[in-house]
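Right, one structure below, let's go through it.
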Amino acid sequence: MIDRAPQTGKEPWLAVLLTAIVFPGIGQIYAGKLFKGLILAIATPALFGSGLWLIVGSTGSVWVGLLLLLASNILYVFSIFDAYHCARKVNDAEFEALRKREKDPWFAVFLSRLFPGLGHLYIGKWLVAMLLFFLAIAIAIMSAGVPWAFVLFFGLLYLSAYHVYVSSPTRRPKSQRLILGICAILLLSQLVNFAIEELASRAGYPTDIATVLSIRQSYYIPSSGMSPTLQIGDRIMVDKAIYRTASPQRGDIVVFDLPSEQEIEGTLVQRIIGLPGETVEIQAGAVYIDGQPLEENYTTAPIQDIQEDYSSVEVPPNTYYLLGDNRNNSFDSRFYGFLPQDSIIGKVMKIFWPINRSGGV
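With the first letter of the sequence shown counted as 1, position 219 gets the number 219 in my numbering; the numbers rise by one all the way through.
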């Protein structure tokens with residue numbers, strides 16, 4: 001076993017690990033590039049957060065958001081490669097010669113962090129590598145759908161990373177405590193992250209990016225029933241989770257499925273006008289809620305009273321009264337009646353296509 005290293009040496013693969021799995025920019029800070037590290041540590045999550053907000057938020061351009069997410073990922077990949085080069089540049093020739101001559105223990109750790117056993121293959125520990133491979137696969141298979149089972153996999157992952165370091169033919173003495181600390185901190189962070197996700201999930205909030213994106217769905221507008229707010233050819237983004245924690249409000253534009261008892265089937269998009277317990281009435285082309293005229297700045301033509309005997313009606317519990325903004329060309333609650341809340345798919349948040357009409361509604 002060889003334990004040696006110049007005191008001035010920086011480990012390029014340790015810099016990669018710090019940037020890739022701890023936080024962007026940490027590897028640069030480790031290599032002595034404080035300013036660059038801080039810039040990357042701030043810019044990468046800022047671009048990512050801004051992009052995600054523009055995509056899933058009620059305002060902003062989806063396309064700008066996608067560009068920001070792309071920029072964030074490019075910057076993240078750049079920071080990983082740059083961390084390696086920053087660390088290598090500060091090393092003297094003696095340390096670099098030593099590092100290249102022997103199996104790099106931190107590269108072995110990097111491989112083990114990708115999957116248990118890869119690092120052991122790199123240093124020639126074939127038997128241990130095969131054992132770790134089979135253990136990881138067995139844990140993944142047996143723990144499918146079992147809460148907290150991921151702890152076993154990540155425990156094995158970081159145990160593998162630590163073991164491959166101490167098993168490497170070459171170790172740098174001043175790094176031995178560091179590998180133990182990194183593995184312990186990362187495993188603890190996984191546990192804390194899982195606990196937060198579990199609490200958020202039970203409260204009905206999305207817990208990861210995939211879930212956040214999955215609760216948004218796009219729809220195409222094929223007709224003029226919601227004109228001028230939504231026009232033929234518009235593509236809209238719908239939040240399918242918003243009504244898990246909040247009730248629909250007057251003015252919300254919602255996508256919904258017609259109740260099964262209707263002769264016509266299909267998915268429609270209209271505006272909520274009447275809430276449960278309220279009375280709705282149409283007189284002389286104007287809508288009245290509980291006897292008071294409803295102010296509407298989103299329609300362009302007064303309603304032509306389709307039902308001559310139309311009078312005040314009370315909206316039943318857990319149902320809503322909907323109208324299209326194009327009142328004279330809309331198949332809405334004047335025809336199919338009240339809409340059960342269970343039929344609502346989600347709330348329209350924004351138009352994302354065409355670009356010249358993109359934005360909140």
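The beta carbon of each residue, even a glycine, is placed where N, CA and C say it ideally should be.
Quick caveat: nothing in here was measured; it's all calculated off a predicted structure.
Distance between beta carbons of residue j and residue i, contact taken as under 8 Å
{"i": "Ile236", "j": "Arg250", "result": "Ile236 to Arg250, Cβ: 19 Å. No contact."}
{"i": "Tyr122", "j": "Ala108", "result": "5 Å"}
{"i": "Pro374", "j": "Pro259", "result": "Nothing in the structure corresponds to residue 374, since the chain is present only between 1 and 361."}
{"i": "Gly65", "j": "Ile55", "result": "4 Å"}
{"i": "Leu143", "j": "Leu152", "result": "According to the sequence provided, residue 143 is Ser. The question's Leu does not apply to it. Contact flag correct, Cβ pair sits at about 6 Å."}
{"i": "Gly27", "j": "Thr19", "result": "3 Å"}
{"i": "Leu157", "j": "Arg99", "result": "Between Arg99 and Leu157 the Cβ distance is about 25 Å, and since that is not below 8 Å, they are no contact."}
{"i": "Phe150", "j": "Phe194", "result": "7 Å"}
{"i": "Met349", "j": "Gly360", "result": "7 Å"}
{"i": "Ser227", "j": "Thr279", "result": "No, Ser227 and Thr279 are not in contact; Cβ-Cβ is about 27 Å, not under 8 Å."}
{"i": "Arg88", "j": "Glu94", "result": "Rounded, the Cβ-Cβ distance is 13 Å, inconsistent with contact."}
{"i": "Ile179", "j": "Tyr165", "result": "5 Å"}
{"i": "Gln270", "j": "Val254", "result": "7 Å"}
Other residues of its chain near residue i: CB distance less than 7 Å, five sequence neighbours each side excluded
{"i": "Gly155", "result": "Leu187"}
{"i": "Glu72", "result": "In the sequence as displayed, the identity of residue 72 is Ser instead of Glu. The residues are Thr44, Leu47, Phe48, Gly51."}
{"i": "Thr299", "result": "Asp325, Arg327"}
{"i": "Asn318", "result": "Pro276, Pro340, Gln341"}
{"i": "Asp104", "result": "Trp13"}
{"i": "Ala129", "result": "Gly117, His120, Leu121"}
{"i": "Ser333", "result": "Tyr321, Leu322, Leu323, Leu339"}
{"i": "Phe370", "result": "It is not possible to answer for residue 370, since the shown part of the chain is limited to 1 through 361."}
{"i": "Val90", "result": "Lys10, Ala31, Gly32"}
Per-residue DSSP class, three states only, for residue i
{"i": "Gly124", "result": "coil"}
{"i": "Leu178", "result": "helix"}
{"i": "Pro222", "result": "coil"}
{"i": "Lys36", "result": "helix"}
{"i": "Thr229", "result": "coil"}
{"i": "Tyr298", "result": "coil"}
{"i": "Asp309", "result": "Confidence in Asp309 is poor, its pLDDT being 43 and thus under 50, which makes the residue's placement too unreliable to answer from."}
{"i": "Gly27", "result": "helix"}
{"i": "Pro293", "result": "strand"}
{"i": "Gly360", "result": "strand"}
{"i": "Val287", "result": "strand"}
{"i": "Thr59", "result": "coil"}
{"i": "Leu18", "result": "helix"}
Same chain, Cβ closer than 6 Å to residue i, five either side skipped, listed in chain order
{"i": "Met1", "result": "Its pLDDT being 48, under 50, Met1 is placed unreliably by the model, and the measurement read from it follows with that caveat. None."}
{"i": "Asp252", "result": "Ile272, Lys347"}
{"i": "Lys36", "result": "Gln28"}
{"i": "Trp106", "result": "Glu11, Trp13, Leu14"}
{"i": "Gly57", "result": "none"}
Cut-off 8 Å between Cβ atoms - residues of its own chain near residue i, not counting five sequence neighbours on either side
{"i": "Ser343", "result": "Phe256, Asp257, Leu258, Pro259"}
{"i": "Asp309", "result": "Note that Asp309 scores a pLDDT of 43, beneath 50, so its modelled location is shaky; the value from the coordinates is reported in the next line. If we look at Asp309 and ignore the five residues flanking it on each side, it has no Cβ neighbours."}
{"i": "Asp234", "result": "Tyr220, Ile221, Ile351, Trp353, Pro354, Arg357"}
{"i": "Phe331", "result": "Gly225, Ile264, Leu268, Gly324"}
{"i": "Tyr84", "result": "Pro12, Trp13, Ala15, Val16, Gly27"}
{"i": "Leu75", "result": "Pro24, Leu40, Ala43, Thr44, Leu47"}
C-beta neighbour in chain D for residue i, strict 8 Å
{"i": "Val22", "result": "Reference to chain D is not applicable here, since this structure consists of a single protein chain."}
Secondary structure, beta strand (DSSP E): runs of 3+ residues fully inside the segment 231-285: The qualifying runs are 235-239, 253-257, 267-274, 279-283.
Whole alpha helix (DSSP H) elements within the segment 65-109, 4-residue minimum: 93-101
Ranges of the beta strand (DSSP E) found wholly within the segment 323-356, counting only runs of at least 3: 344-353
contact_flag[the segment 238-245, the segment 280-295] where n(CB pairs < 8 Å) is 3 or more: For the pair of segments examined, the segment 238-245 was found not to touch the segment 280-295: the number of CB pairs separated by less than 8 Å stays below three.
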